[in-house]
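Novice:
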Amino acid sequence: MLQNAYQYALDNSDRILTALQQHLLLVAVPLAIGLLVGLPLGLWSARSRLISTVMLNSFNALRVIPSLAVLFLAVPVLGLSFWSAVLALTLLVMPPILISTDVAFRNISPAIREAATGMGMPPVDILKTVEVPLALPVVIAGIKTATVEVIASATLAAFVGAGGLGAFIVLGFAAYDPAILLVGAVPVALLALLAEVGLSAVQRAAQPPGVRSA
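For what it's worth, this note's numbering labels the leading residue of the sequence shown as 315, then goes sequentially.
1) Counting C-beta neighbours from all protein chains within 10 Å, is the total for A528 16 or more, i.e. buried, or is it exposed?
2) Taking DSSP as the reference, what is the three-state secondary structure of Q336?
3) Could you tell me the alpha carbon to alpha carbon distance between P460 and Q321, rounded to whole angstroms?
4) Residue range of the alpha helix (DSSP H) that G439 falls in?
5) Helix, strand or coil for R361, going by three-state DSSP, please let me know.
6) Would you kindly report the start and end of the unbroken alpha helix (DSSP H) that includes I379?
7) Should the stretch 339-348 be regarded as contacting the stretch 399-410, the criterion being three or more beta carbon pairs within less than 8 Å?
8) Who are the near neighbours of P522 in its chain, counting only those whose CB is closer than 6 Å to its CB and skipping five residues on each side?
9) Tell me which residues share the same chain as L370 and place their Cβ nearer than 8 Å to its Cβ, disregarding the 5 neighbours each side in the sequence.
10) If contact is defined by three or more beta carbon pairs under 8 Å, each pair taking one atom from either stretch, is the stretch 455-471 in contact with the stretch 336-345?
11) Using the Cα positions of P447 and A509, report the straight-line distance between them to the nearest angstrom.
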(Lines of atoms letter the chains of each structure in order from A and count residues from 1; the text may use other names and numbers.)
(Lines give C-alpha, C1' and ligand atoms only; values in the text may rest on other atoms or scores of the structure.)
Protein backbone atom coordinates (compact mmCIF):
# COMPACT_ATOMS: atom_id res chain seq x y z
CA MET A 1 0.00 0.00 0.00
CA LEU A 2 2.82 2.41 0.87
CA GLN A 3 4.52 1.65 -2.41
CA ASN A 4 1.28 2.29 -4.30
CA ALA A 5 0.84 5.57 -2.44
CA TYR A 6 4.41 6.60 -3.27
CA GLN A 7 3.93 5.76 -6.94
CA TYR A 8 0.62 7.62 -7.05
CA ALA A 9 2.29 10.65 -5.46
CA LEU A 10 5.05 10.58 -8.07
CA ASP A 11 2.57 10.28 -10.93
CA ASN A 12 0.41 13.12 -9.59
CA SER A 13 3.02 15.43 -8.11
CA ASP A 14 1.63 18.52 -9.88
CA ARG A 15 -1.88 17.88 -8.55
CA ILE A 16 -0.54 17.27 -5.04
CA LEU A 17 1.47 20.51 -5.10
CA THR A 18 -1.62 22.44 -6.24
CA ALA A 19 -3.71 20.78 -3.52
CA LEU A 20 -1.06 21.63 -0.91
CA GLN A 21 -1.10 25.28 -1.96
CA GLN A 22 -4.91 25.31 -1.74
CA HIS A 23 -4.76 23.66 1.68
CA LEU A 24 -2.28 26.20 3.03
CA LEU A 25 -4.51 29.01 1.76
CA LEU A 26 -7.52 27.39 3.45
CA VAL A 27 -5.50 27.44 6.67
CA ALA A 28 -3.97 30.90 6.34
CA VAL A 29 -7.09 32.93 5.48
CA PRO A 30 -9.36 31.72 8.34
CA LEU A 31 -6.42 31.92 10.75
CA ALA A 32 -5.66 35.51 9.71
CA ILE A 33 -9.33 36.51 10.09
CA GLY A 34 -9.48 34.71 13.44
CA LEU A 35 -6.43 36.59 14.71
CA LEU A 36 -7.63 39.98 13.45
CA VAL A 37 -11.04 39.53 15.08
CA GLY A 38 -10.36 37.16 17.98
CA LEU A 39 -7.41 38.94 19.60
CA PRO A 40 -9.14 42.35 20.01
CA LEU A 41 -12.39 40.68 21.12
CA GLY A 42 -10.50 38.56 23.63
CA LEU A 43 -8.74 41.61 25.05
CA TRP A 44 -12.04 43.50 25.22
CA SER A 45 -13.83 40.64 26.97
CA ALA A 46 -10.97 40.37 29.50
CA ARG A 47 -11.76 43.93 30.64
CA SER A 48 -15.42 43.22 31.47
CA ARG A 49 -16.90 40.21 33.24
CA LEU A 50 -20.32 40.78 31.62
CA ILE A 51 -18.90 40.98 28.11
CA SER A 52 -16.69 37.98 28.84
CA THR A 53 -19.63 35.87 29.99
CA VAL A 54 -21.73 36.70 26.93
CA MET A 55 -18.91 36.37 24.43
CA LEU A 56 -17.33 33.19 25.80
CA ASN A 57 -20.70 31.47 26.11
CA SER A 58 -21.55 32.44 22.54
CA PHE A 59 -18.28 31.16 21.09
CA ASN A 60 -18.34 28.03 23.22
CA ALA A 61 -21.77 27.32 21.74
CA LEU A 62 -20.21 27.57 18.26
CA ARG A 63 -17.80 24.77 19.16
CA VAL A 64 -20.73 22.41 19.58
CA ILE A 65 -21.73 22.84 15.93
CA PRO A 66 -19.76 20.50 13.65
CA SER A 67 -17.65 22.27 11.02
CA LEU A 68 -19.21 20.13 8.29
CA ALA A 69 -22.68 21.37 9.30
CA VAL A 70 -21.54 25.01 9.12
CA LEU A 71 -19.95 24.26 5.77
CA PHE A 72 -23.18 23.02 4.24
CA LEU A 73 -25.23 25.81 5.85
CA ALA A 74 -22.95 28.31 4.12
CA VAL A 75 -23.44 26.74 0.69
CA PRO A 76 -26.91 28.28 -0.03
CA VAL A 77 -25.45 31.74 0.67
CA LEU A 78 -21.91 31.50 -0.68
CA GLY A 79 -22.26 28.53 -3.02
CA LEU A 80 -19.84 25.65 -3.52
CA SER A 81 -16.81 27.85 -3.14
CA PHE A 82 -13.62 28.70 -1.30
CA TRP A 83 -15.49 31.26 0.82
CA SER A 84 -17.96 28.71 2.16
CA ALA A 85 -14.99 26.79 3.51
CA VAL A 86 -13.39 29.97 4.87
CA LEU A 87 -16.57 30.85 6.79
CA ALA A 88 -16.79 27.43 8.44
CA LEU A 89 -13.07 27.32 9.25
CA THR A 90 -13.08 30.87 10.64
CA LEU A 91 -15.85 29.91 13.07
CA LEU A 92 -13.68 26.95 14.06
CA VAL A 93 -10.54 28.98 14.85
CA MET A 94 -12.27 31.85 16.65
CA PRO A 95 -13.11 30.16 20.02
CA PRO A 96 -9.60 28.98 20.99
CA ILE A 97 -8.05 32.32 20.00
CA LEU A 98 -10.66 34.43 21.78
CA ILE A 99 -10.83 32.25 24.91
CA SER A 100 -7.05 32.01 25.33
CA THR A 101 -6.69 35.79 24.91
CA ASP A 102 -9.42 36.44 27.47
CA VAL A 103 -7.88 34.02 29.99
CA ALA A 104 -4.34 35.30 29.39
CA PHE A 105 -5.14 38.95 30.12
CA ARG A 106 -7.70 38.25 32.84
CA ASN A 107 -5.20 36.18 34.84
CA ILE A 108 -2.60 38.95 35.03
CA SER A 109 -2.39 40.04 38.66
CA PRO A 110 -4.02 43.44 39.32
CA ALA A 111 -1.03 44.23 41.55
CA ILE A 112 1.23 44.21 38.47
CA ARG A 113 -0.99 46.71 36.69
CA GLU A 114 -1.18 48.88 39.82
CA ALA A 115 2.61 48.86 40.14
CA ALA A 116 3.01 49.93 36.53
CA THR A 117 0.40 52.67 36.99
CA GLY A 118 2.18 53.82 40.15
CA MET A 119 5.36 54.23 38.12
CA GLY A 120 3.51 56.68 35.90
CA MET A 121 3.16 54.46 32.87
CA PRO A 122 0.24 55.32 30.54
CA PRO A 123 -2.31 52.57 29.77
CA VAL A 124 -0.96 51.96 26.24
CA ASP A 125 2.57 51.42 27.57
CA ILE A 126 1.26 49.11 30.30
CA LEU A 127 -0.48 47.03 27.65
CA LYS A 128 2.56 46.86 25.34
CA THR A 129 5.41 46.42 27.83
CA VAL A 130 3.75 44.67 30.78
CA GLU A 131 0.53 42.87 29.87
CA VAL A 132 1.32 41.57 26.37
CA PRO A 133 4.62 39.86 27.36
CA LEU A 134 2.90 38.18 30.33
CA ALA A 135 -0.14 37.10 28.31
CA LEU A 136 1.73 36.03 25.17
CA PRO A 137 2.48 32.36 26.08
CA VAL A 138 -1.19 31.60 26.79
CA VAL A 139 -2.31 33.47 23.67
CA ILE A 140 0.17 31.45 21.56
CA ALA A 141 -1.21 28.26 23.11
CA GLY A 142 -4.66 29.22 21.80
CA ILE A 143 -3.23 30.06 18.38
CA LYS A 144 -1.48 26.67 18.32
CA THR A 145 -4.74 24.87 19.09
CA ALA A 146 -6.56 26.84 16.40
CA THR A 147 -3.82 26.19 13.83
CA VAL A 148 -3.75 22.43 14.37
CA GLU A 149 -7.54 22.25 14.29
CA VAL A 150 -7.85 24.23 11.07
CA ILE A 151 -5.13 22.21 9.33
CA ALA A 152 -7.07 19.02 10.06
CA SER A 153 -10.52 20.47 9.36
CA ALA A 154 -9.50 22.12 6.08
CA THR A 155 -9.81 18.65 4.56
CA LEU A 156 -13.59 19.17 4.73
CA ALA A 157 -13.30 21.94 2.14
CA ALA A 158 -13.16 19.24 -0.55
CA PHE A 159 -16.88 18.61 0.03
CA VAL A 160 -17.74 22.08 -1.31
CA GLY A 161 -15.27 22.06 -4.18
CA ALA A 162 -12.69 24.26 -2.47
CA GLY A 163 -9.88 21.80 -3.10
CA GLY A 164 -7.03 21.14 -0.72
CA LEU A 165 -5.49 17.86 0.38
CA GLY A 166 -8.92 16.66 1.47
CA ALA A 167 -9.72 16.07 -2.21
CA PHE A 168 -7.40 13.06 -2.20
CA ILE A 169 -8.96 11.74 1.02
CA VAL A 170 -12.46 12.02 -0.49
CA LEU A 171 -11.26 10.42 -3.73
CA GLY A 172 -9.57 7.62 -1.80
CA PHE A 173 -12.76 6.82 0.07
CA ALA A 174 -14.85 7.01 -3.09
CA ALA A 175 -12.51 4.71 -5.00
CA TYR A 176 -11.91 2.38 -2.03
CA ASP A 177 -8.21 3.04 -2.58
CA PRO A 178 -6.18 3.48 0.65
CA ALA A 179 -3.12 4.53 -1.36
CA ILE A 180 -4.88 7.67 -2.64
CA LEU A 181 -6.26 8.31 0.84
CA LEU A 182 -2.73 8.22 2.28
CA VAL A 183 -1.53 10.74 -0.30
CA GLY A 184 -3.97 13.25 1.24
CA ALA A 185 -3.84 12.17 4.88
CA VAL A 186 -0.07 11.95 5.41
CA PRO A 187 0.73 15.56 4.35
CA VAL A 188 -2.11 16.84 6.55
CA ALA A 189 -0.74 14.91 9.54
CA LEU A 190 2.77 16.24 8.86
CA LEU A 191 1.53 19.83 8.56
CA ALA A 192 -0.33 19.50 11.88
CA LEU A 193 2.75 18.01 13.54
CA LEU A 194 5.00 20.78 12.21
CA ALA A 195 2.55 23.41 13.44
CA GLU A 196 2.38 21.78 16.88
CA VAL A 197 6.16 21.51 17.25
CA GLY A 198 6.90 24.94 15.77
CA LEU A 199 4.34 26.87 17.81
CA SER A 200 5.29 24.95 20.97
CA ALA A 201 8.85 26.21 20.47
CA VAL A 202 7.55 29.77 19.95
CA GLN A 203 5.42 29.43 23.09
CA ARG A 204 8.43 28.33 25.15
CA ALA A 205 10.51 31.21 23.77
CA ALA A 206 7.75 33.67 24.72
CA GLN A 207 7.79 32.61 28.36
CA PRO A 208 9.18 35.29 30.70
CA PRO A 209 12.82 34.44 31.56
CA GLY A 210 12.06 33.49 35.18
CA VAL A 211 9.28 31.10 34.13
CA ARG A 212 11.32 29.64 31.25
CA SER A 213 14.23 28.73 33.50
CA ALA A 214 12.02 27.26 36.20
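Glycine included, each C-beta is placed from N, C-alpha and C at the ideal position.
Just so you know, these numbers come straight off a predicted model, no measurement behind them.
Specialist: According to the structure shown:
1) Because the pLDDT at A528 is just 44, under 50, the model does not fix this residue reliably, and the value given afterwards should be weighed accordingly. Exposed, by the Cβ-count rule.
2) helix
3) Reading off the sequence shown, one finds Ala at residue 460, where the question assumed Pro. About 33 Å.
4) Just to set this straight, residue 439 is Asp in the shown sequence, not Gly. First-last of the alpha helix (DSSP H) with D439: 437-440.
5) coil
6) Neither: I379 is in no alpha helix (DSSP H) and is coded neither H nor E.
7) yes
8) none
9) S359, L412, I413, D416
10) yes
11) 22 Å
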